[in-house]
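So our numbering is basically just the index in the sequence shown, starting at one, shifted up by 19.
The C-beta atom is built at its ideal place from N, Cα and C for all residues, glycine as well.
Note that the structure is predicted; figures quoted are calculated from it, not measured.
Okay, so here's the structure we're looking at.
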Amino acid sequence: MNSKSKYTVELNDYECELIVNHCIVFDKLKATLTRHSQREGIHKVKMTFQEIHDIAGWLAAEANHATSAELEEDLSNLYETFDALEYGMRRNEQT
Numbered sequence: 020m021n022s023k024s025k026y027t028v029e030l031n032d033y034e035c036e037l038i039v040n041h042c043i044v045f046d047k048l049k050a051t052l053t054r055h056s057q058r059e060g061i062h063k064v065k066m067t068f069q070e071i072h073d074i075a076g077w078l079a080a081e082a083n084h085a086t087s088a089e090l091e092e093d094l095s096n097l098y099e100t101f102d103a104l105e106y107g108m109r110r111n112e113q114t
């Protein structure tokens with residue numbers, strides 16, 4: 020993977036909130052996630068492969084330690100989204 024390549028990830032307001040509140044994100048990515056959505060609650064966020072990978076790991080860990088079943092499910096579902104993105108990116112690199 021090219022470490023500087025950016026990939027567009029579409030997230031809703033709640034998903035952005037989950038990432039900001041339960042993952043470690045910095046600088047431009049954090050600013051993008053906390054900015055108001057521009058189109059009907061959807062954020063188009065540019066992320067590197069490493070950021071996608073790191074967020075997937077944080078989401079999995081946070082889901083395992085969630086304080087409620089609802090939060091665990093929300094974090095797990097978002098983890099699955101990021102895991103699928105990462106998997107697809109790795110497969111595309113191999114072809």
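Which of the three DSSP states is assigned to residue i in this structure?
{"i": "ILE43", "result": "coil"}
{"i": "HIS62", "result": "strand"}
{"i": "LYS23", "result": "coil"}
{"i": "THR51", "result": "helix"}
{"i": "THR100", "result": "helix"}
Express the C-alpha separation of residue j and residue i in angstroms, rounding to a whole number.
{"i": "GLN113", "j": "PHE45", "result": "30 Å"}
{"i": "SER87", "j": "ASP93", "result": "10 Å"}
{"i": "LEU97", "j": "LYS23", "result": "24 Å"}
{"i": "PHE68", "j": "GLU105", "result": "7 Å"}
Who are the Cβ neighbours of residue i in its own chain at under 7 Å, not counting the five residues just before and after it?
{"i": "GLU91", "result": "ALA82, ALA85"}
{"i": "SER95", "result": "ALA82"}
Ordered along the chain, which non-local residues of its own chain (more than five positions away) have a Cβ less than 6 Å from that of residue i?
{"i": "CYS35", "result": "LEU52, HIS62"}
CB-CB under 8 Å to residue i, same chain, minus the five flanking residues each way: which ones, in chain order?
{"i": "LEU48", "result": "VAL64, MET66, GLU70"}
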